[in-house]
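**Student:**
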Amino acid sequence: MTHSETVVDLYFDPACPFAWITSRWLLEVERQRPVDLRLHVMSLYLHNVGNELPDWYRDLVDRSIGPVRVAVAASERYGETVLRDLYTAFGTRIHERGVEDFDAVVAESLDELGLASDLAAAAHDPSYDEAVRRSHEAGVEPESGGYVGTPTLHVDKTVWFGPVLRAVPRGAEAAELFDSFRVLARHPDVFELKRTRTGSLRLD
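The opening residue of the sequence shown carries number 498 in my numbering; numbering runs sequentially from there.
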């Protein structure tokens, strides 16, 4: 990292479509701005422990812990830098191809990246949950102890839920949005900005 680079920590759950869109936006930003993008896992499953959820969402949340455990296991074995390519492999299958069998997503992704196939067993191994929790809680706003949501961004020493985007900004638009986001992020009195979502998500 050079002195002028901005460190951006993205906390993601592989099953979250909004985290996927935000991550693809930041990869666009990285091509145009001096950004040091670092990926970390958080967990929809942990976030929703004890919450009443619609059946379809409870099913997704309960299954989502599998890829998160595998991501943690892979980062323990290969280092956290492995998460960039592993997340791309997971997300391409889950969000762009619509694969709902997360065990298949994991196995295919490990094979694609040449990572050890035995890591797939971590998906059903609760012994990884403590490491998942540590990463998850590292994404929390340190001063408030609160949890914002997935995706969470740490940038310019501030912690944000989002930006939550409906589609991936590309090219100059991606960089312009990032520049605008940093202006808001640096303002000490800004803590929330939201509007009604319209239209459907575009995950490619």
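In this text, a Cβ means the ideal position worked out from N, Cα and C, and glycines have one as well.
(1) With 16 other CB atoms within 10 Å as the buried threshold, where does THR695 fall?
(2) Which partner residues does HIS651 have in the DSSP bridge list?
(3) Where do the N-terminal and C-terminal ends of the alpha helix (DSSP H) with HIS633 fall, by residue?
(4) Along the chain, where does the beta strand (DSSP E) that runs through HIS537 open and close?
(5) Using the rule of at least 16 other Cβ atoms within 10 Å of the residue's Cβ for burial, across every protein chain shown, is ASP686 buried or exposed?
(6) Specify the secondary structure class of ARG694 as computed by DSSP and reduced to three states.
(7) Kindly list the residues whose CB is nearer than 8 Å to the CB of ASP701, restricted to its own chain and excluding five residues on each side of it in sequence; keep chain order.
(8) Apply the 10 Å Cβ neighbour rule to PHE678 and answer buried if 16 or more other Cβ atoms are within range, or exposed otherwise.
(9) Compare the beta carbon distance of HIS537 and TYR575 with 9 Å and say whether it is the shorter of the two.
(10) On the CB-based measure, 16 or more other CB atoms within 10 Å of its CB, does PHE688 come out buried or exposed?
(11) Between which two residues does the alpha helix (DSSP H) containing VAL661 stretch?
(12) Quick one: residues in its chain with C-beta nearer than 8 Å to the C-beta of GLU525, no 5 flanking neighbours on either side, listed in chain order?
(13) Within 10 angstroms of the Cβ of LEU690, are there 16 or more other Cβ atoms? Answer buried if so, exposed if not.
(14) Can you give me the C-alpha to C-alpha distance between ARG521 and SER624, rounded to a whole angstrom?
(15) I'd like to know if the stretch 555-570 and the stretch 628-637 are in contact, where contact means that at least 3 CB-CB pairs between them fall below 8 Å.
(16) So what's HIS592 in DSSP terms, helix, strand or just coil?
(17) Just to confirm, are ALA516 and THR693 a CB contact at a threshold of 9 Å?
**Tutor:** A quick look at the data gives this:
(1) Counting of Cβ neighbours within 10 angstroms places THR695 among the exposed residues, the total staying below 16.
(2) ASP506 and VAL656.
(3) Residue range 626-635 is occupied by the alpha helix (DSSP H) that includes HIS633.
(4) 532-538 is the extent of the beta strand (DSSP E) around HIS537.
(5) So ASP686 counts as exposed.
(6) ARG694: coil per DSSP, three-state reduction.
(7) Counting only Cβ-Cβ distances below 8 Å, and skipping sequence neighbours, we find GLU593 and VAL665.
(8) So PHE678 counts as buried.
(9) For HIS537 and TYR575, no; Cβs fall outside 9 Å.
(10) Only exposed fits PHE688, as fewer than 16 other CB atoms lie within 10 angstroms of its CB.
(11) It is not in any alpha helix (DSSP H) - VAL661 carries neither H nor E in the DSSP assignment.
(12) Non-local beta-carbon contacts of GLU525 in its own chain, meaning distances under 8 Å to residues more than five positions away in sequence, involve VAL665, PRO666, ARG667, GLY668, ALA671 and ALA672 in chain order.
(13) The residue in question, LEU690, is exposed, as its Cβ has fewer than 16 Cβ neighbours within 10 Å.
(14) Roughly 30 Å between the two C-alpha positions.
(15) Yes, the stretch 555-570 is in contact with the stretch 628-637.
(16) The three-state secondary structure of HIS592, taken from DSSP, is helix.
(17) At a Cβ-Cβ threshold of 9 Å, ALA516 and THR693 do not count as neighbours.
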